[in-house]
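What the sequence shown shows, in this note's numbering, is residues 740 to 1642, in sequence order.
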Amino acid sequence: MTATTPADIRRCLIDALQIDLVGPKPSDFERVEEILYQPPSMWYLTGFLVPYEASIEQRSDDAGNEELDRDGSRSATGDDENTPEAASARKAFFPSSMGLSFLVNQNTSKLNVTVQWGDYSPIPEEKEEKAETVLQSRTSGSWKRTPCEAELEIPLDISQAVKNQTKNKTYKYEIPRSHGLYLVITNRSVNSSSCLPPGSRSIALFLVNNRRPVKDNKERDIGYIFQAQLTVDSSESFVPRPNPRGQSGEDWDESVAELQYRDVYEYVVGHNVSAVAHLNPDNSCNQICTAWIPTADVEKVVAAKVENVELGMEAIAKAPDAETVRNLLGNMVNNYTVWIAEQRSHIPTASPHREKIAKELLNRAEIASYRIASGLQALDDPKVLEAFQIANRAIATSIRQRSTHDTDKSPDELSPPKWRPFQLAFLLMNIAGIANPLHSDRELVDLLFFPTGGGKTEAYLGLAAFTLVLRRLTNPGINSAGLSVLMRYTLRLLTLDQLGRAATLVCALELERHKNPEKLGYHPFEIGLWVGMTATPNKMGKKGDGDQNSARARTIAFQNDSKSKPSPIPLENCPWCGERFNANSFQLLPNSDQPANLRVSCCNRKRHKNGQQQCVFRGNASLPIVAVDEAIYRRLPCFIIATIDKFANLPWIGQTVALFGRVTHHRDGDGFYGYADSNLQGHPLDNGKLLPPDLIIQDELHLISGPLGTMAGLYETAIDALSSREVNDVDNNHKIIRPKIIASTATVRRATKQIRGLFGRDRVDVFPPPGPNRRDSFFAKTATVEERHPRTYVGVAAQGRSLKVVLLRTYLALLGASQKAWEAAGGKKNLDNPADPYMTLLGYFNSLRELGGSRRIVEDEVNSRLYGYGARKRENEASGLFANRKIDDEPCELTSRVSTSKV
């Protein structure tokens, strides 16, 4: 069958991986009696059992390990290059047994066990006097497979099984015509508990290779069994294994998972191999089996639709008053309230613990609903309403503008941008805490929890836009200046990825300011990039200083050779129109000898093919981007994107306090001066300082863990103090106002404890709050397999093999099989080739040392072997699993040792 969709291609790759690494399944009639051109233990990576009494030499893979372990880390350099790797605790051996552990009920009197495997035997070489042919030459040293299968009925009645009992209280059954294979079973009663039916028993069933080893190492595979598989059938359903982790109530996350996955059962556990349970429509199970290459499908979580709610950003921005906005959006709260009531009527009551957790989840959902309603009510304040509508308009404009970068359409020809319901709800629920600094929500940390690609960025950019605009509307003149929104990332790559989208939004806000400077101020909306000097210059530099990392040196180098030299800032295209920057895009002001500022502007002076006018940020109308540290401290952009490690500068560079409003003077056209400046210039500020940041956004929260989390928590103490201010409330009570903190993540675990340790705040709300049913949280739903193709995870169990051998064989199989599928689907002639996404292989590693060793394998072994991998065929196999492939490009590395321009 020809693969026509990416899902078909994925199934083909998994099948190729199974056949190449383990061997043919019993249903693979084309290969059940295959002939291999080398011993099967060399042909196959895993799936075999060696004799129990085999020598150490036969039980280990020294030849394969030595081949790839020679100086495996010679190309690894970096921060951890001198870190010694822990020596292996013990030598790894091929397994001699594999097994399954499971539970049966008291009515189960027997088990039907099917054992399937392949025996391989060498083919005798042809006599010398016979004429040699190409085929005879190739079959020299060949091995032929013989498929084997045995079915046994295992009694579970101890009185019937006593004749097979061993001294260890286990029962041993010889498999007929197997020449030394045994089933060993342990049958134990288990303590009665509320989690298990009365009379349940624990069964451990093992297949053991007890054959006599072949002394000649060249023929050792005769004693091995390959493609070993156990299948256990029972007329009575197997008993699910209890999960006590979520029952104690000590771990909130475990309790929620236990509730949400109450209909998902674990029936079996594998030993030396993975295990698979074949479920019936009612989720019961009567058959379990082993698997050397297990797979698991994870259904996708998508944003849910909410009926009768206006999601169009521009439509919301045009609403004449707050009441109209509430009419447009009010059904979000109404529908959410109805959903919560429906969920309460279906709370599981069989378990008091589950009932308690379900009620608490719905209580949290009610709090979220109340906060959304409060946000709608806060729009009665004219300034809050105006800030909300300008934010909607700016987000819509930025989305339209970025969408034109890859299309021939003009912004006006595109569909009106719309919120996803959870994005709009997230913005609304945080309005009160931003608009009223004394509101209780200000101290609350909101954790936006949604899968990658679900739209978290737009959600918190919308809140950022609202915060920036409201600060301008409520603080006239220069008093609204200074850093308002601080967005932080842990990794440079993530920071650069988000810079483009955030910069486009700030451009849209700047155009809004041009329309109404009386309200939005005469100082520009600007965005700053505050990261390490490998990504952006720390200093402006001057003539003769010899600093090759200064903004001056980088700019002049780029102006002299824009084709080979990196851009002075980590942006290659105009964030507004998409035009690529050139040598004229950067200008050192007031002059190149002693510059004080780096101006970035677009050079697009032509009408676009989509009908757009020339870029509005061309020439002297510079882009609102500040990317040099010295300029950031002077200009104080209202929006800063930073990496978390950059805050280590706080105790060392005095000018950093300016980011928290610690400035005293302002000079028009120049910037701000404060305590760290020896020569104060300009006019004193009315309040003697600026406001500190209003909003801190911490993206990818889950990455701040371990030692990094410990250090980050220490710096957060200082950041929190610098970002706080003292005020008196309406009753003249002394209050401390702290910035609102938003965090986002695609994976969360013990979030409350982590946030308390990082930010010192006890109140944490996860949004969207999960419901009792994992498939539906109102704002997010789990798509069925029919609606969206799930992600498939594939594992490889290969005991006795080194990780490098496993990597080599796995990479070869995937790259060769994807090439075969790509060619079968039309190759380059098919512009929509379904195999194209699988032509790229991405690997993740725990350290630079691991990456360095693996990179050497890819460069030396994978590339050389892949060129002829299409010849890897069995005898008489017309078309193999793979195609020859030549990879001309070098592996692309994304690590800390790669320059920012390459990233």
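Heads up, the beta-carbon is just placed ideally off N, CA and C, and yes, glycines get one too. Computed from a predicted model, the values in this text were never measured in an experiment.
Rounded to whole angstroms, the separation of the alpha carbons of L946 and Q968 is 9 Å. Nearest in C-alpha terms to V1533, of all of V854, A755, S840 and A742, is A755.
Annotation for M837: the continuous beta strand (DSSP E) segment containing it runs S836 to V843. A straight-line Cα-Cα distance of about 11 Å links A1617 and G1609. Per the C-alpha coordinates, the member of R1338, G1193, C1377 and N1321 positioned closest to P1329 is R1338.
The beta carbon of I1027 sits closer than 8 Å to those of L839, F841, T970, V971, F977, Y1006, V1007, A1014, V1015, A1016 and H1017, all from its chain and outside the five residues before and after it, given in chain order. Leaving aside the five residues that flank N1131 on each side, the residues in its chain whose CB is nearer than 6 Å to its CB run, in chain order, M1052, I1055 and A1056.
When the alpha-carbon of A1519 is set against those of R1527, D1409, E1525 and P1509, the nearest one is in P1509. Within a 10 Å sphere around the beta-carbon of P779 sit 16 or more other beta-carbons, which makes this residue buried. The alpha-carbon separation between A1061 and T1143 amounts to approximately 32 Å. Straight through space, the alpha carbons of G1607 and I1626 are spaced by roughly 12 Å. Secondary structure within the segment 1370-1440: the beta strand (DSSP E) runs of 3 or more consecutive residues, fully enclosed, are 1378-1382, 1402-1406, 1410-1413 and 1434-1437 (chain order). Residue range A1290 to N1299 is occupied by the alpha helix (DSSP H) that includes N1299. Between P745 and Y1577, the C-beta spacing is below 9 Å.
Here Q1420 is exposed, its C-beta having fewer than 16 other C-beta atoms within 10 Å. Apart from the 5 residues on each side of it in sequence, F1584 sits with its Cβ closer than 8 Å to the Cβ of L1590 and S1593 in its chain, given in chain order. One thing to note: S1516 has its Cβ no nearer than 9 Å to the Cβ of L1587. Rounded to whole angstroms, the separation of the alpha carbons of F1386 and N1336 is 23 Å. For L922, no alpha helix (DSSP H) segment is defined; the enclosing uninterrupted segment is the beta strand (DSSP E) at L920 to S928. In the structure shown, Y910 adopts extended strand secondary structure according to DSSP, grouped into three states.
Distance from the Cα of V789 is smallest, within the candidate group L1207, I964, E1526 and L1398, for I964. Using a 10 angstroms sphere on the CB of G1283, the tally of other CB atoms stays under 16, which defines it as exposed.
Taken in chain order, the complete alpha helix (DSSP H) segments of 4 or more residues contained in the segment 970-1036 are 991-999. The C-beta distance from V1208 to A1126 rounds to 4 Å, short enough to fall under 8 Å. A residue is called buried once 16 or more other Cβ atoms fall within 10 Å of its Cβ, and K954, having fewer, is exposed. About 27 Å separates the Cβ atoms of V1503 and V1048, ruling out a contact at the 8 Å cut-off.
Contact between A1366 and I1308 holds, since their C-beta atoms are separated by about 4 Å, short of 8 Å. Sixteen is the threshold: when 16 or more other Cβ atoms of the shown chains lie within 10 Å of the Cβ of Y1075, as they do, the residue is buried. Counting along the chain, no beta strand (DSSP E) covers D1515, and no H or E run does either.
Collapsing the DSSP output to three states places V1077 in a helix.
If you ignore the 5 residues before and after A1522, its C-beta comes within less than 7 Å of the C-beta of E1038, K1039 and V1041, all in its own chain and listed in chain order. The DSSP assignment places complete alpha helix (DSSP H) segments of no fewer than 4 residues inside the segment 1496-1567 at 1542-1563, in order along the chain. Rounded to whole angstroms, the gap between the alpha carbons of I1129 and L1230 is 31 Å. With 16 or more other Cβ atoms from the protein chains shown falling within 10 Å of its own Cβ, H1262 counts as buried. Scanning its chain for C-beta atoms nearer than 7 Å, with the 5 sequence neighbours on each side dropped, one finds around T1491 the residues V1503, in chain order. For R1488, the CB contacts under 8 Å within the same chain, skipping 5 residues up- and downstream, are D992 and H1441 in chain order.
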